[in-house]
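Going by this note's numbering, the letters in the sequence shown line up with residues 489 to 983, in that order. The beta carbon of each residue, even a glycine, is placed where N, CA and C say it ideally should be. Here the structure is a predicted model, which means the values were calculated and not measured.
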Amino acid sequence: MQERIGIIYGDTTSTSFNFASNRQVNRLDYVYVIHEGRKVLAQVREVRRISKLSFEKVFVEDTREEEEKISAAADVIGYNGRNGLCVPRTPFKQGDDVYKADEEIVRDVLGLGKKGAYIGLLKDMNIKVYLDINTLLQKHVSVLAKSGSGKSYAMGVIVEELIDHGVPVVVIDPHGEYSSMIHPNLDEKEIEMMKRFDVKPKGYGSNIVQYSPGNDANRESIPLRLDEINLELGDLMDVMSSKVTGVQKGILYQAIKEVRERKRIYLLEDIIDELKRAKSSAKWNLIPQLEELNDMGLFSADPTPIDELVCRGKCSIINFRGIPPHIQDVVVSHLLTKLFEERKKNSIPPFMVVIEESHRYCPERGQGGAISSEIIRTVASEGRKFGMGLAIVSQRPARVEKNVVSQCNTQIILKTTNPNDVKAIVASVEGLTAGAADEIQRLPIGMAIVSGLPINAPLFVEIRVRKSSHGGKAAKVVDEEKRAERRFPFRFGRQ
Numbered sequence: 489m490q491e492r493i494g495i496i497y498g499d500t501t502s503t504s505f506n507f508a509s510n511r512q513v514n515r516l517d518y519v520y521v522i523h524e525g526r527k528v529l530a531q532v533r534e535v536r537r538i539s540k541l542s543f544e545k546v547f548v549e550d551t552r553e554e555e556e557k558i559s560a561a562a563d564v565i566g567y568n569g570r571n572g573l574c575v576p577r578t579p580f581k582q583g584d585d586v587y588k589a590d591e592e593i594v595r596d597v598l599g600l601g602k603k604g605a606y607i608g609l610l611k612d613m614n615i616k617v618y619l620d621i622n623t624l625l626q627k628h629v630s631v632l633a634k635s636g637s638g639k640s641y642a643m644g645v646i647v648e649e650l651i652d653h654g655v656p657v658v659v660i661d662p663h664g665e666y667s668s669m670i671h672p673n674l675d676e677k678e679i680e681m682m683k684r685f686d687v688k689p690k691g692y693g694s695n696i697v698q699y700s701p702g703n704d705a706n707r708e709s710i711p712l713r714l715d716e717i718n719l720e721l722g723d724l725m726d727v728m729s730s731k732v733t734g735v736q737k738g739i740l741y742q743a744i745k746e747v748r749e750r751k752r753i754y755l756l757e758d759i760i761d762e763l764k765r766a767k768s769s770a771k772w773n774l775i776p777q778l779e780e781l782n783d784m785g786l787f788s789a790d791p792t793p794i795d796e797l798v799c800r801g802k803c804s805i806i807n808f809r810g811i812p813p814h815i816q817d818v819v820v821s822h823l824l825t826k827l828f829e830e831r832k833k834n835s836i837p838p839f840m841v842v843i844e845e846s847h848r849y850c851p852e853r854g855q856g857g858a859i860s861s862e863i864i865r866t867v868a869s870e871g872r873k874f875g876m877g878l879a880i881v882s883q884r885p886a887r888v889e890k891n892v893v894s895q896c897n898t899q900i901i902l903k904t905t906n907p908n909d910v911k912a913i914v915a916s917v918e919g920l921t922a923g924a925a926d927e928i929q930r931l932p933i934g935m936a937i938v939s940g941l942p943i944n945a946p947l948f949v950e951i952r953v954r955k956s957s958h959g960g961k962a963a964k965v966v967d968e969e970k971r972a973e974r975r976f977p978f979r980f981g982r983q
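The structure is reproduced here in structure tokens:
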């Protein structure tokens, strides 16, 4: 049965209207109007309580009113037509009834399916929101928010869903926080919330494998090795930590040239030995850097196979915790290049690559340089043709290259307060209005605006609880409970 909640009044357009109500109406509620024979969905933008009570009358009259009077402004979303979402071409009529939207019309108009990656519940409605997995891989996704707003938590939800659907995932993890996904989520507060989201604790230890460049930084990880055979000058220039002068560059080039003439297959150690035979004293600034690289074990004659990283149902985490930034940059550049080449040859299955702290690896022009920027731009523009999906995650949207963000057709936006970041989000995300800037800054933790394909309009979604443990929680400086226990041991049954 249709639930009538108000009547249209005042001036209207084909995209907005006001309605009066004598019952409770909340901002962001979904409503519909029967217009030209169709159920047209709209969303409440603003709610006002109307009263005749003036400031002067407060002190002389009874302030209780017999009847609640509400005025609400609604923005039209549209109706599901033959070619998708349609918006009426004529203004709405004064006096028409406004009804509360039920699950059926909301799902139909917004294009909410019942399968795919389950990310949460539609705000104030018990409707599960699913993202189409093919669209995620083919059209890319961005997760943007300020630090502490839940961006990594939300990305972890998507990674869980991809693993559950057998989609291979490669995660570029600067802080090593995704490794916690091997454990089930046993947080007491979140276990209680799982009932509402219809999920259960689950660890992904059988699906997740950690890799890390070098030998010592992350001993719980499998060493990630880059191909050492027949290194070129550019390969070494990328990974050297200090600046190399023109003279030093010439010496290194000559050493590589001479060792190449003598050996069909040569390694980094061969280049170092050849460099030691050089007559110029400038070699002594180069040799320690190359020996450091050699000792680190970043390069190997037995490199990590690409098809080992990308397997159905497997999540490969590239753990960069403790790795110098310039080495991270090099590994991302080399790894994504190899992954893209192998995917173009169809030698690995379609997969998703997740780049955390993406402003480090594809910074906006003027915000620093990174050699990995070029391949990330290429994947953003061409990866969809070959089944290489890209997920950009950042706490500084203004510092991520705009061309990369604009290539992401699905956006998950959590609370952001920095004016430059908010401006960058509104400018690069389709479907967001100028008024969305205020909404982005007011979002509570855990609430997200989800926009883009295959959804027909921006949605306010409460991100579901993680099944697996979240490793991105901020460390407690002071544990108040333990502090109290030390001060008052008798209260805790200890002496």
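Query: CB-CB length for M880 against V867, believed under 8 Å; Result: Checking the displayed sequence, the identity of residue 880 turns out to be Ile instead of Met. With a Cβ gap of about 10 Å, I880 and V867 do not count as contacting.
Query: C-alpha gap between L755 and E716, whole angstroms; Result: 6 Å
Query: 7 Å Cβ shell around D596 - same chain, five flanking residues per side excluded; Result: N568
Query: Buried or exposed by the 16-neighbour rule on C-beta atoms within 10 Å, applied to R750; Result: exposed
Query: Integer Cβ distance of R536 from S559, believed to fall under 8 Å; Result: 5 Å
Query: Integer-rounded CB distance, given that L632 should sit under 8 Å from T904; Result: 7 Å
Query: Alpha-carbon spacing of L573 relative to S882, whole angstroms; Result: 31 Å
Query: Delimiting residues of the beta strand (DSSP E) encompassing I805; Result: C803 to N807
Query: Status (buried if at least 16 other CB within 10 Å, exposed otherwise) for R570; Result: exposed
Query: Nearest candidate by alpha-carbon position, reference A508, set L516, I565 and Q582; Result: Q582
Query: Beta carbon proximity, K611 to chain C, threshold 8 Å; Result: Protein chains in the displayed structure number just one, and chain C is not present.
Query: Integer-rounded CB distance, given that I565 should sit under 8 Å from L529; Result: 5 Å
Query: Proximity to Q929 [Cα-Cα], best of P907, N718 and A766; Result: P907
Query: As assigned by DSSP and simplified to three states, the class of T623; Result: helix
Query: Proximity of M643 and V842 at Cβ, strictly below 8 Å; Result: yes
Query: Burial state of E844 (16 or more Cβ within 10 Å); Result: buried
Query: Test item: CB-CB of M876 and V655 under 8 Å; Result: no
Query: Where L902 falls: helix, strand or coil (DSSP); Result: coil
Query: Supposed contact pair I615 and G604 - C-beta distance, whole angstroms, cut 8 Å; Result: Between I615 and G604 the Cβ distance is about 14 Å, and since that is not below 8 Å, they are no contact.
Query: For M669, the three-state DSSP class (helix, strand or coil); Result: helix
Query: Rounded C-alpha distance that separates L786 from A743; Result: 21 Å
Query: Own chain residues within Cβ distance below 7 Å of F543, not counting five before or after; Result: none
Query: CA-to-CA distance, I760 to I753, given in whole angstroms; Result: 15 Å
Query: At least three beta-carbon pairs within less than 8 Å, the region 658-678 to the region 802-818; Result: yes
Query: I538 versus A561, H523, Y606 and E524, residue with shortest Cα-Cα distance; Result: A561
Query: Identity of the residue in A766, P793, A858 and L774 nearest P711 by Cα; Result: P793
Query: For K683, the first and last residue of its enclosing alpha helix (DSSP H); Result: E676 to F685
Query: Where N908 falls: helix, strand or coil (DSSP); Result: helix
Query: For R800, three-class secondary structure by DSSP; Result: coil
Query: Spatially closest choice to M682 from E829, I607 and Q899, by CA coordinates; Result: I607
Query: Sequence-distant residues of its chain with Cβ nearer than 7 Å to H822 (five each side left out); Result: L714
Query: Whether V938 touches V617 by CB criterion (8 Å); Result: yes
Query: Three-way DSSP call (helix, strand, coil) for G569 in this model; Result: strand
Query: Which of helix, strand or coil DSSP assigns to R526; Result: strand
Query: Neighbourhood of G871 by C-beta distance below 6 Å, restricted to the same chain and skipping five residues each side; Result: L878
Query: L600 versus V594: straight-line alpha-carbon distance, rounded; Result: 8 Å
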